[in-house]
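> Below you'll find the structure I mean.
See below:
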């Protein structure tokens, strides 16, 4: 299944991010960073998987009539990159909580950079403050809580 | 692009949720409900779009050695259904904030039901308390804030 889906994904310009773990020992101050370019194929894949086929993400004519003046990327697709970022932390990572404000619209073709820092640690549970950037702009910000085995 | 991706999605058993709007006038007490079965193809699509190709979602051998004893669905894929649910509210819906705790693992083949209720309204901004269920179990809970044009 993955081979066939991946082939179609890459055919439409999707950026496959091979999975790899970050190094180091996790404690307060530990930083993570992850970036990915969001293409139209990502919006399609996310729309089908989530069930969110809202035309503002797919139909330029509909989207151009909104205050966004054109298609925007699903907010939750943008913050889904945080899932990819924390998954790369050492150990088996379980996402416990994710909380984000969406501060600026993201467009197809934008590269989203996730920047996180561990700010709290309680045994093997960690809270990270997280910001998602497109260029200099913060497009989403909040926190994620994870458990590392 | 959508036609070809959709064809592959359905070939692998994906459940396409056609977009439609909920009825009624939104005020405190307004309820929303949306459900979708999460299939392996959804995990693949979400994994590629988000960049989260963590083996606990894809590799049964790796996943079986964790406390989950088998593959689990990405937490953020589960709550991405909240995006689909709120998008169906009347008007042009902008997601402002989404905040969720992940309380139970979700498995491939589970049907996730999103249940939300508007608990606060300030002009055209609304806060909804949201729970995601698999059967009787709450698998994620929190809130979403939206702006409706």
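Residue numbers (my numbering), protein chains in the order written: chain A, 1 to 149; chain B, 1 to 149. Think of the CB as a built atom: it goes at the ideal place given N, C-alpha and C, for glycine as much as any other residue. Computed from a predicted model, the values in this text were never measured in an experiment.
Thinking C-beta only, is residue 105 of chain A closer than 8 Å to residue 68 of chain A?
In this structure, residue 105 of chain A lies closer than 8 Å to residue 68 of chain A by Cβ.
> Helix, strand or coil: which one does DSSP assign to residue 75 of chain B?
Helix at residue 75 of chain B.
> Given 8 Å as the limit, is there contact between the segment 24–40 of chain A and the segment 109–119 of chain A, that is, 3 or more CB pairs closer than that?
Yes, they touch.
> To the nearest angstrom, how far is the alpha carbon of residue 130 of chain A from that of residue 142 of chain A?
Computed Cα separation, rounded: 5 Å.
> Could you give the DSSP three-state label for residue 21 of chain A: helix, strand or coil?
In the structure shown, residue 21 of chain A sits in coil (DSSP, three-state: anything other than H, G, I, E or B).
> Touching or not, the segment 92–103 of chain A and the segment 79–98 of chain B, by the rule of three or more beta carbon pairs under 8 Å?
They touch, by the three-pair rule.
> Just tell me which of B:126, B:93, B:41, B:77 has its CA closest to the CA of residue 50 of chain A.
Ranking B:126, B:93, B:41, B:77 by Cα distance to residue 50 of chain A puts B:77 first.
> Can you tell me the Cα-Cα spacing of residue 13 of chain A and residue 39 of chain A, whole angstroms?
If you take the alpha carbons of residue 13 of chain A and residue 39 of chain A, they lie about 7 Å apart.
> Does the pairing of the segment 41–60 of chain B with the segment 13–27 of chain A give three or more beta-carbon distances under 8 Å?
Judged by Cβ distances under 8 Å, the segment 41–60 of chain B makes contact with the segment 13–27 of chain A, as three or more pairs qualify.
> Looking at the strands, I want to know which residues DSSP matches up with residue 100 of chain A.
Note: residue 100 of chain A sits in a beta bridge opposite A:142, B:98.
> Look up residue 48 of chain A in the DSSP assignment and say whether it is helix, strand or coil.
Looking at residue 48 of chain A - three-state DSSP - the assignment turns out to be helix.
> Alpha carbons only, please: which of B:94, B:72, B:1 is nearest the one belonging to residue 82 of chain B?
Closest by alpha carbon: B:94.
> Is any beta-carbon of chain A found at less than 8 Å from that of residue 101 of chain B?
Yes, residue 101 of chain B counts as interfacial toward chain A.
> Determine which residues of the segment 104–136 of chain A have a Cβ less than 8 Å from any Cβ of chain B, and write them out in chain order.
Those would be none; no residue qualifies.
> Return the chain-ordered list of same chain residues with a C-beta closer than 6 Å to the C-beta of residue 64 of chain A, the five sequence neighbours on each side being excluded.
So the list reads 70, once near-sequence residues are dropped.
> Taking the alpha carbon of residue 135 of chain A as the reference point, which residue from A:2, A:126, A:107 has its own alpha carbon closest?
It is A:107 whose Cα lies nearest to the Cα of residue 135 of chain A.
> Residue 118 of chain A and residue 24 of chain A: beta carbons closer than 8 Å?
Cβ atoms of residue 118 of chain A and residue 24 of chain A: not closer than 8 Å.
> Suppose the cutoff is 6 Å on Cβ atoms and the five residues either side in sequence are ignored; what does the same chain contact list for residue 145 of chain B look like?
Hits under 6 Å: 96, 97, 127.
> Would you kindly report the start and end of the unbroken beta strand (DSSP E) that includes residue 32 of chain A?
Residues 31–37.
> What residues of chain B sit near residue 22 of chain A, judged by a beta carbon separation below 8 Å?
None at all; the shortest Cβ gap to chain B is about 12 Å.
> Quick one: which residues of the segment 45–74 of chain B get their C-beta closer than 8 Å to a C-beta of chain A? List them in chain order.
Of all residues in the segment 45–74 of chain B, 45, 46, 48, 49, 50, 51, 52, 53, 54, 55, 56, 58, 66, 67, 74 have a Cβ within less than 8 Å of some Cβ in chain A.
> Which whole-angstrom value is the C-beta distance of residue 72 of chain B and residue 56 of chain B, which I expect to be below 8 Å?
Yes, residue 72 of chain B and residue 56 of chain B are in contact; Cβ-Cβ is about 6 Å, under 8 Å.
> Thinking C-beta only, is residue 125 of chain A closer than 8 Å to residue 22 of chain A?
It is not a contact, given that the beta carbons lie outside the stated cut-off.
> What are the boundary residues of the alpha helix (DSSP H) that residue 8 of chain B is part of?
It spans 2–11 - the alpha helix (DSSP H) in which residue 8 of chain B sits, taken as one unbroken run.
> Given this structure, state the Cα-to-Cα distance separating residue 84 of chain B from residue 90 of chain B, to the nearest angstrom.
C-alpha separation (whole angstroms): 13 Å.
> What does a CB cutoff of less than 8 Å around residue 86 of chain A pick up in its chain, not counting 5 residues either side in sequence?
For residue 86 of chain A, where only same-chain residues beyond five positions count, the Cβ hits under 8 Å are 32, 93, 95, 116, 128, 144, 146.
> Please return the same chain residues whose Cβ sits closer than 6 Å to the Cβ of residue 53 of chain B, not counting the five positions on each side in sequence.
For residue 53 of chain B, where only same-chain residues beyond five positions count, the Cβ hits under 6 Å are 47.
> In three-state terms, what does DSSP make of residue 117 of chain A?
Of the three classes helix, strand and coil, the one that applies to residue 117 of chain A here is strand, per DSSP.
> Do residue 5 of chain A and residue 74 of chain B have their beta-carbon atoms positioned less than 8 Å apart in this structure?
Cβ atoms of residue 74 of chain B and residue 5 of chain A: not closer than 8 Å.
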